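Colleague:
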Amino acid sequence: METLEEIKARIEAAVPGAKIEIAQNASPSQQHSLKVDNEHAYDVAKFLRDDSTLRLDFCSNVTGVDWLDRTVKQTVKVKKIVDGEEKEVAETTEVKIPGYLEAVYHLYSMTHKHGPVTIRMRTADRAKNVCLPSLTPIWRSAEFQEREIFDLYGVQFDGHPDLRRILMWEEFEDHPMRKDYQEPDDYEYEPTPHDDVLEKAKRHFAARPELDGAEKITGGDGSLKR
Amino acid sequence: MSERIDEGLRRELQRQGVWVTSMQELYNWGRKNSIWPLQFGLACCAIEMIATAASRYDIARFGGEVFRPSPRQADLMIVAGTVTKKMAPQIVRLYNQMADPKYVIAMGACAISGGPFKQGYNVLKGIDRYIPVDVYIPGCPPRPEALLHAFMELQRKIDSQKLTGEQKAEHLDAAQPSEFPVPAFGKHDLEPSANPDVFHPPKLERV
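Chains E and W supply the protein sequences, listed in that same order. According to the working numbering, the first sequence is numbered sequentially starting from 19. According to the working numbering, the second sequence is numbered sequentially starting from 822.
#1: Do E:Met139 and E:Glu170 have their beta-carbon atoms positioned less than 8 Å apart in this structure?
#2: At 7 Å on the CB atoms, spell out the chain E contacts of W:Lys853, in chain order.
#3: Helix, strand or coil for E:Glu104, going by three-state DSSP, please let me know.
#4: Please report the straight-line C-alpha distance between W:Ser823 and W:Asp994, rounded to a whole angstrom.
#5: Determine the extent of the beta strand (DSSP E) in which W:Tyr916 is found, giving its start and end residues.
#6: Which value, in whole angstroms, describes the spacing of the CA atoms of W:Gly960 and W:Ala872?
#7: In chain W, which residues lie less than 8 Å from E:Glu191 when you measure between Cβ atoms?
#8: Would you say W:Pro1023 faces chain E, with C-beta separation under 8 Å as the test?
#9: Would a check of beta-carbon distances place E:Tyr207 closer than 8 Å to chain W?
#10: Can you give me the Cβ contacts of E:Leu22 inside the same chain, cut-off strictly under 7 Å, excluding the 5 residues immediately before and after it?
#11: Taking buried to mean at least 16 other C-beta atoms within 10 Å of its own C-beta, is E:Met186 buried or exposed?
#12: Distance, Cα to Cα, E:Phe76 vs E:Glu120?
#13: Is the CB-CB distance between W:Ala932 and W:Gly902 below 8 Å?
#14: Skipping 5 residues on each side, what residues in its chain have a beta carbon closer than 7 Å to that of E:Asn56?
#15: Could you list the residues in the segment 164-187 of chain E with a C-beta less than 9 Å from some C-beta on chain W, going in chain order?
#16: Taking a contact to mean a Cβ-Cβ separation below 8 Å, would you say W:Ile860 touches W:Arg832 in this structure?
#17: Taking W:Leu1057 and W:Ile926 to be in contact with their CB atoms under 8 Å, please state how far apart those CB atoms are, rounded to whole angstroms.
#18: Which of the residues in the segment 122-152 of chain E, read from start to end, lie with their CB under 7 Å from any CB of chain W?
#19: How big is the Cα-Cα spacing for E:Glu6 and W:Ile952?
#20: DSSP three-state label for W:Asn943, please.
#21: Does W:Lys983 come within less than 8 Å of chain E when only Cβ atoms are used?
#22: Closer than 8 Å by beta-carbon distance: list the chain W residues that pair up with E:Asp198, in chain order.
#23: My output table needs one value for W:Val841: the three-state DSSP class, helix, strand or coil.
#24: As a quick exercise: from W:Phe1006, W:Lys906, W:Met870, W:Gln911, pick the residue whose alpha carbon is nearest that of W:Ala967.
#25: Flag W:Leu940 as yes if its beta-carbon sits less than 8 Å from any beta-carbon of chain E, otherwise no.
#26: Give me the DSSP bridge partner(s) of E:Trp151.
#27: With 8 Å as the threshold, decide whether the Cβ of E:Glu201 is near any Cβ in chain W.
#28: Anything in chain W within Cβ reach of E:Asp84, meaning under 7 Å, just list it in chain order.
#29: Rounded C-beta distance between W:Lys906 and W:Leu1011? I'm assuming under 8 Å.
#30: Starting from E:Phe76, trace the beta strand (DSSP E) in both directions and tell me its first and last residue.
#31: Give me the Cα-Cα distance between W:Gln835 and W:Asp980, rounded to the nearest whole angstrom.
#32: Where does W:Gln894 fall in DSSP's three states?
#33: Hey, is E:Asp87's beta-carbon within less than 8 Å of any beta-carbon in chain W?
#34: So with CB distances below 8 Å, who are the chain E contacts of W:Gln891?
#35: Using the C-alpha atoms, what's the distance from E:Thr110 back to E:Gln92?
#36: Work out the CA separation of W:Met928 and W:Gly947 for me, nearest whole Å.
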């Protein structure tokens, strides 16, 4: 299969105005992906599917990613004149990256038996501008998975034929896979709480160190036995 | 009444070919040996339930092989698997549609307490929040033997139920409810999150 750079160049030639970036993956898998701009995503997807050498006719997986606002420290070596001498000094700058939601598509070719090519799209922010173009008209297999992203992350897919919640009920208002999701406060007694559950346990049961380990668990009142 | 007749006399009579019994004993004997479960499964526990119904474990030995696809004909609801919050109202509705006397087996960790998903947002922390449960089977999933054991426990319970008097079974007591409110889908959770008439959680007491 062609390299991502070649694919990027061919997309830019075929779809005028498309802004493609290669999103680097620093992990050992080195699976870099193509970040597609939202305006041309539909045409780019159509090109990827219909191009005779690529023929990415199978969208195996669509998933969402939630990125919170974050600050990234960038260290750049700058030449500076210190005490009349030119020295290399490391300068650290903090860059604030506002949060966004992402939809990631994994594409394969059944015809040519190659893949995956990963493409991703980003929303403008996490609050109101959460629209992305739907790629369901290109790959039908994306339909349920885009609904799932809509349900769990709150991404609005424009052009989706049937955008409803798929896992949670219609009346549900939250998006549970978002990193700032607050789940209902319904903690119950756990015999061996740890990590997050321990934090919840501490919130619900005030610690009494002098009575440590002296808890007694009693049954319910059992007024209704069947 | 079988409680009033001397057990030794009864045995002696039986040896002579005279069978002495009571309405209650006969009635409960019939009931406990033809418990028809409602045919539905929710998750992996259902696979074990299917294995229990199949030839190797053969729940038919206990009279429970007639899985009914309608709640109107079922005596027993085996809640086999994870009850998600989206599914919970349907489970309660099916229970309400069953005719009395009706029994519930909560099969596996999820049906009892939410199991491995207890700390999640989408799984009900035990079906006993909305409907009364007769037998709980721990396990993830419980083996077919465990389900058979629960089934036998339920038979023992049915056998011990009284038809008259102060201690008579709940389904014969008009004051006891046989239907329970179906929870509604709320904005963040099911509403209410538990039915206080049914659900009596263990209380943590500091002593």
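Note that the Cβ used here is the ideal one computed from N, Cα and C, for glycine as well. Note that this is a predicted model, so its numbers are computed, not measured.
Modeller: By the coordinates alone:
#1: Residue 170 of chain E is actually Leu in this sequence, not Glu. No.
#2: Neighbours of W:Lys853 on chain E: none; closest Cβ ~16 Å, over 7 Å.
#3: strand
#4: Low local confidence applies: a pLDDT of 47 at W:Ser823 is under 50, so the model's placement there is unreliable, with the coordinate-based value given in what follows. Taking the straight line joining both Cα atoms gives about 22 Å.
#5: That residue, W:Tyr916, is in no beta strand (DSSP E); its alpha helix (DSSP H) goes 909-918.
#6: 15 Å
#7: Lys1008, His1009
#8: yes
#9: yes
#10: Ile40, His50, Leu52
#11: buried
#12: 20 Å
#13: yes
#14: Met139, Leu150, Pro151
#15: Leu185, Met186, Trp187
#16: A small correction: the amino acid at residue 860 of chain W is Gln; Ile does not occupy that position in the sequence shown. No, they are not a contact pair.
#17: Since the first and last residues shown for chain W are 822 and 1028, residue 1057 of chain W lies out of range.
#18: none
#19: Given a span of 19 to 244 for chain E in the structure shown, any question on residue 6 of chain E remains unanswerable.
#20: coil
#21: no
#22: Going along chain W, no residue has its Cβ under 8 Å from E:Asp198, so there is no contact; the nearest lies around 13 Å.
#23: coil
#24: W:Met870
#25: The residue asked about is misnamed: residue 940 of chain W is Gln in this sequence, not Leu. It does; some Cβ of chain E falls within 8 Å.
#26: Just to set this straight, residue 151 of chain E is Pro in the shown sequence, not Trp. Note: E:Pro151 sits in a beta bridge opposite E:Asp176.
#27: yes
#28: Neighbours of E:Asp84 on chain W: none; closest Cβ ~15 Å, over 7 Å.
#29: 5 Å
#30: 76-85
#31: 20 Å
#32: helix
#33: no
#34: For the record, residue 891 of chain W in the displayed sequence is Ser; it is not Gln. None at all; the shortest Cβ gap to chain E is about 22 Å.
#35: 5 Å
#36: 10 Å
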